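In what follows, a structure is listed as structure tokens, so that the remarks can point back to it.
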Amino acid sequence: MFYLQLLLLAPVVYGDAVSDLWDKGKPALDAQLAKSTTCTKDKLLVRREWGDLSADDKKAYIKAVLCITTSPSKLDPAKVPGAKTRYDDFVAVHINQTMSIHGTGNFLSWHRYFTWAYEQVLRNECGYTGTQPYWDWGRWSANPETSPIFDGSETSMSGNGEKITHQSFMAPAGNGGGCITSGPFKNMTVNLGPISPAISPAPPANPRSDGFGHNPRCLRRDISNYLSSRYTRTQDILTLINNSKTIAAFQNTMQAAGTTMGVHAGGHFTVAGDPAGDFYVSPGDPAFYLHHSMIDRAWTIWQAQDLQNRLQVIAGGRTMMGFGGAAAALTDEVNLYSVASKAWKISDLSNACIIALHISMHFSSSNRCAINWRLIGIP
Ligand SMILES: *[C@@H]1O[C@H](CO)[C@@H](O)[C@H](O)[C@H]1NC(C)=O
Ligand SMILES: *[C@@H]1O[C@H](CO)[C@@H](O)[C@H](O)[C@H]1NC(C)=O
Ligand SMILES: *[C@@H]1O[C@H](CO)[C@@H](O)[C@H](O)[C@H]1NC(C)=O
Ligand SMILES: [Cu+2]
């Protein structure tokens, strides 16, 4: 009886064709894990899709994010005067390295580590005991505005901006454009940037050209389904993972931002506004981390499809559009300065046993598994 109740109380967990690819890759990852004495399953934590979290889990995550948006910055105010909060430290680190972490060989590993470091700060500095949730773009692609992530309720990451007359640069203007008006982050102050705003009217200019000056303003969004219903559907994620046979194809398709937009830009510009649409300052919108958690999930599922050949692969340069520049190497370091204590090599961050794993947990005898994302702490 008790067992039955547990089953009934277990969250209804969402599965789709992308999850099926994960199920296909899982045995290889399990086998890889079994070879390790230090990287054992009991050390793994589970990352879950926002829609699969209970209301209490969502509130605990929100509380931790609000905590780092109110705890003080650890950066030197002489260097980054605009960084007021611990949350801003992450934004500053991303701004600082933008030109060497996008369209580069370290794109995936850098953002994996960055998202992991954020999760660690939530846990270690704000008492959070959960993990970084992800935004499965495909699940909500038909209408992200009404998704539990963006519906504006107290268990959301806040909703759309106020509807104002505006232009968004990557999609037709949606129903927002102004300051967000609802949900837990409605009072959040964006302090850094802009550098590359993607909305008109633009936010006020930063007093410094590097975006590090103090420029307090509201969080603006223009969430719409224009891009999500074209480029971030489950079938788009499936095609990305299944049809990309090399790491170059995978990361380039994911980051494409032209006539066909990849899931990376597709997710960022589905939120749009300021700073979500700003290439440099995008982590200033807390939805960033749900988005990049899904980027990391997609990479993990891609790796698991051919684990032995995809664990330690790299392509691309060291600087964005670095034509003729040096190629990135697996031995290159990923350094997050003020937000993580150690610089890791790309090879470490690409290793299944080091950082990100998705493990299916069977709640029932059905072959639809819970799609859980387990993370192992960096040793
Ligand atoms: C920016 O990068 C430099 C190294 O290029 C580093 O010394 C500095 O601490 C970084 N600043 C931030 C805010 O991460
Ligand atoms: C926002 O600030 C106002 C005024 O200080 C306060 O009444 C309100 O509760 C705050 N809302 C949230 C969601 O924090
Ligand atoms: C993945 O691609 C292979 C061909 O490489 C194809 O046979 C298979 O049906 C595809 N799977 C999905 C789920 O699209
Ligand atoms: Cu980035």
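Mind the numbering: the sequence shown is residues -15 to -1, 1 to 364 in mature numbering (1 follows the signal peptide of the UniProt record, and there is no 0), read in order. Where is the CB? At the ideal position from N, CA and C, for every residue including glycine. Since the model is a prediction, treat every value here as computed from it, not as a measurement.
From which residue to which residue does the beta strand (DSSP E) around residue i run?
{"i": "I165", "result": "162 to 165"}
Mapping DSSP to helix, strand and coil, what is residue i?
{"i": "Y211", "result": "coil"}
{"i": "R295", "result": "helix"}
{"i": "D317", "result": "coil"}
{"i": "D37", "result": "helix"}
{"i": "I340", "result": "Model confidence at I340 stands at a pLDDT of 44, short of 50, so the residue's coordinates are unreliable; what they give is reported in the following sentence. I340: coil per DSSP, three-state reduction."}
{"i": "R193", "result": "coil"}
{"i": "P188", "result": "coil"}
{"i": "K175", "result": "Sequence inspection shows Val at residue 175; the Lys mentioned does not correspond to that position. Note: V175 maps to strand in three-state DSSP."}
{"i": "S267", "result": "helix"}
{"i": "A16", "result": "helix"}
{"i": "S85", "result": "helix"}
{"i": "Q288", "result": "helix"}
{"i": "D5", "result": "helix"}
{"i": "M279", "result": "helix"}
{"i": "W329", "result": "strand"}
{"i": "A250", "result": "helix"}
{"i": "P129", "result": "helix"}
{"i": "S56", "result": "coil"}
{"i": "R205", "result": "strand"}
{"i": "A312", "result": "strand"}
{"i": "D259", "result": "strand"}
{"i": "G302", "result": "strand"}
{"i": "S323", "result": "helix"}
{"i": "V31", "result": "strand"}
State the Cα-Cα distance for the pair residue i and residue j, rounded to the nearest angstrom.
{"i": "W122", "j": "S326", "result": "31 Å"}
{"i": "S153", "j": "A314", "result": "36 Å"}
{"i": "S267", "j": "P12", "result": "35 Å"}
{"i": "L292", "j": "R282", "result": "14 Å"}
{"i": "S94", "j": "K330", "result": "9 Å"}
{"i": "S138", "j": "P169", "result": "8 Å"}
{"i": "V31", "j": "T217", "result": "23 Å"}
{"i": "S209", "j": "G247", "result": "16 Å"}
{"i": "R124", "j": "T219", "result": "7 Å"}
{"i": "D207", "j": "K20", "result": "47 Å"}
{"i": "W358", "j": "Q297", "result": "Annotation note: pLDDT 33 at W358 (below 50); position unreliable, no value reported."}
{"i": "T54", "j": "D270", "result": "11 Å"}
{"i": "G310", "j": "I299", "result": "15 Å"}
{"i": "Q236", "j": "D42", "result": "32 Å"}
{"i": "S214", "j": "F197", "result": "35 Å"}
{"i": "H277", "j": "H96", "result": "7 Å"}
{"i": "E318", "j": "A328", "result": "6 Å"}
{"i": "D259", "j": "I134", "result": "18 Å"}
{"i": "G(-1)", "j": "D37", "result": "11 Å"}
{"i": "A183", "j": "L204", "result": "13 Å"}
{"i": "R295", "j": "T238", "result": "16 Å"}
{"i": "S323", "j": "G159", "result": "36 Å"}
{"i": "P62", "j": "I80", "result": "16 Å"}
I'd like the span of the alpha helix (DSSP H) that includes residue i, first residue to last.
{"i": "K148", "result": "Taken as a continuous stretch (DSSP letters only), K148 belongs to no alpha helix (DSSP H), being part of the beta strand (DSSP E) at 146 to 148."}
{"i": "Y98", "result": "92 to 111"}
{"i": "N200", "result": "N200 -> no alpha helix (DSSP H), and no H or E assigned at all."}
{"i": "I232", "result": "232 to 240"}
{"i": "I80", "result": "71 to 82"}
{"i": "I222", "result": "219 to 228"}
Measuring only between beta-carbons, confirm whether residue i sits less than 8 Å from chain B.
{"i": "D207", "result": "No chain B appears in this structure, which consists of one protein chain only."}
Could you check if residue i belongs to the surroundings of ligand 6, using beta carbon to heavy atom distance under 7 Å?
{"i": "I86", "result": "Looking at this structure, you won't find ligand 6 anywhere; what it does contain is ligand 1, ligand 2, ligand 3 and ligand 4."}
Hey, is the stretch 285 to 293 in contact with the stretch 4 to 20, meaning 3+ C-beta pairs nearer than 8 Å?
-> Flag = yes, the stretch 285 to 293 and the stretch 4 to 20 touch.
In chain order, what residues have a CB nearer than 6 Å to some heavy atom of ligand 1?
-> Counting only residues whose CB is nearer than 6 Å to a non-hydrogen atom of ligand 1, the list in chain order is L60, V65, A77, V78, N81, Y322, S323.
Closer than 6 Å to ligand 2: residues, by C-beta to nearest heavy atom, in chain order = Those residues, listed in chain order, are P169, K171, N172.
Say whether the stretch 60 to 78 touches the stretch 168 to 184, bearing in mind that this needs 3 or more beta-carbon pairs closer than 8 Å, one atom from each stretch.
-> A contact exists between the stretch 60 to 78 and the stretch 168 to 184.
Answer yes if the stretch 221 to 228 comes into contact with the stretch 188 to 195, meaning at least three C-beta pairs across the two stretches below 8 Å, and no otherwise.
-> Taking one beta carbon from each stretch, the stretch 188 to 195 and the stretch 221 to 228 have fewer than 3 pairs nearer than 8 Å; the two do not touch.
Residues surrounding ligand 3 [beta-carbon distance to nearest heavy atom under 6 Å] = One residue list follows from the rule of a beta carbon closer than 6 Å to any heavy atom of ligand 3, given in chain order as A2, L223, N227.
Cβ pair count under 8 Å reaching 3, the stretch 36 to 53 against the stretch 111 to 131 = Touching, yes, given that three or more Cβ pairs across the two stretches are closer than 8 Å.
Three or more C-beta pairs below 8 Å linking the stretch 155 to 169 and the stretch 253 to 262 = Yes, the stretch 155 to 169 is in contact with the stretch 253 to 262.
Pairing CB atoms from the stretch 129 to 149 with CB atoms from the stretch 160 to 167, are three or more of them under 8 Å?
-> Yes, they touch.
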